[in-house]
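Numbering (my numbering), first residue to last: 1 to 196.
Cβ coordinates follow ideal geometry from the N, Cα and C atoms, glycine included.
Here it is as structure tokens:
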């Protein structure tokens with residue numbers, strides 16, 4: 001199987017990480033010798049804000065306020081992982097990237113550089129569904145409804161143009177899914193739409 005590139009996007013709590021994990025497991029069964037490079041921006045940010053340098057502290061303040069991190073930092077967050085770890089032969093998984101149109105355009109330049117086309121797994125859930133899932137998982141950045149609503153607002157404002165950009169770009173195949181179903185139903189539809 002040739003190396004695949006997957007980009008998981010959707011509102012917080014939509015199940016991106018869960019679906020990425022299931023797809024990684026299936027991919028390992030289909031391609032036992034294939035390696036996977038998994039780039040999860042949210043976890044990287046949660047580690048980054050623990051640092052004690054000036055940039056870490058500024059980013060931590062943004063995180064604490066529930067605002068979106070600046071594009072340059074988000075791009076650095078995944079770009080440095082790819083530049084330092086990608087060997088060129090792995091399947092690539094991007095979870096939670098991009099979060100804006102400029103970031104989507106930067107990701108396109110990276111994929112073009114590596115001669116890759118992307119498969120976008122776009123998991124759609126309502127704001128209400130998202131809030132219930134964020135409450136249930138209980139992460140620090142989900143600590144108040146006010147913070148959750150701020151995150152959903154910037155997602156709707158900033159990430160929707162990135163979704164539209166992917167749909168209009170021939171370098172991407174977009175698989176849009178109703179995320180308000182069981183984990184298995186969503187996974188089975190992804191597999192079916194990938195024709196696996």
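Option in 130, 14, 30 and 124 with minimal Cα separation from residue 178: Mapped onto the chain shown, residue 178 falls at position 178. Comparing Cα-Cα distances from residue 178 to each of 130, 14, 30 and 124, the minimum goes to 124.
Is the beta carbon of residue 172 closer than 8 angstroms to that of residue 117? Counting from one through the chain shown, the residue named residue 117 turns up at place 117. Counting from one through the chain shown, the residue named residue 172 turns up at place 172. The Cβ-Cβ distance between residue 117 and residue 172 falls below 8 angstroms.
Work out the CA separation of residue 174 and residue 100 for me, nearest whole Å. In the chain shown, residue 100 corresponds to position 100, counting from 1. In the chain shown, residue 174 corresponds to position 174, counting from 1. Taking the straight line from one Cα to the other gives about 16 angstroms.
Name the one or two DSSP bridge partners that residue 173 has. Counting from 1 along the chain shown, the entry for residue 173 is found at position 173. Beta-bridge pairing links residue 173 to 119.
Distance, residue 53 Cα to residue 184 Cα: Sequence index remark: in the chain shown, residue 184 carries index 184 (1-based). Sequence index remark: in the chain shown, residue 53 carries index 53 (1-based). When rounded, the separation of the alpha-carbon atoms in residue 184 and residue 53 is 42 angstroms.
Have a look at residue 167 and residue 149 and give me their C-alpha separation to the nearest angstrom. Indexing the chain shown from 1 puts residue 167 at position 167. Indexing the chain shown from 1 puts residue 149 at position 149. CA-CA distance, residue 167 to residue 149, rounds to 26 angstroms.
Once you ignore the five residues that flank residue 31 on each side, which residues in its own chain have a CB closer than 6 angstroms to its CB? By one-based count along the chain shown, residue 31 stands at place 31. The answer, listed in chain order, is 1.
Using 8 angstroms as the threshold, is the C-beta distance between residue 130 and residue 17 below it? Along the chain shown, one-based indexing puts residue 130 at 130. Along the chain shown, one-based indexing puts residue 17 at 17. No.
Taking its Cβ as the centre, do 16 or more other Cβ atoms sit within 10 Å of residue 161, making it buried, or is it exposed? Taking the first residue of the chain shown as 1, we reach residue 161 at position 161. By the Cβ-count criterion, residue 161 is exposed, with fewer than 16 other Cβ atoms from all chains shown falling within 10 Å of its own Cβ.
To the nearest angstrom, report how far apart residue 85 and residue 65 are at their CA atoms. To locate residue 85, count along the chain shown from 1; it is residue 85. To locate residue 65, count along the chain shown from 1; it is residue 65. Each residue's Cα considered, the two are about 31 angstroms apart.
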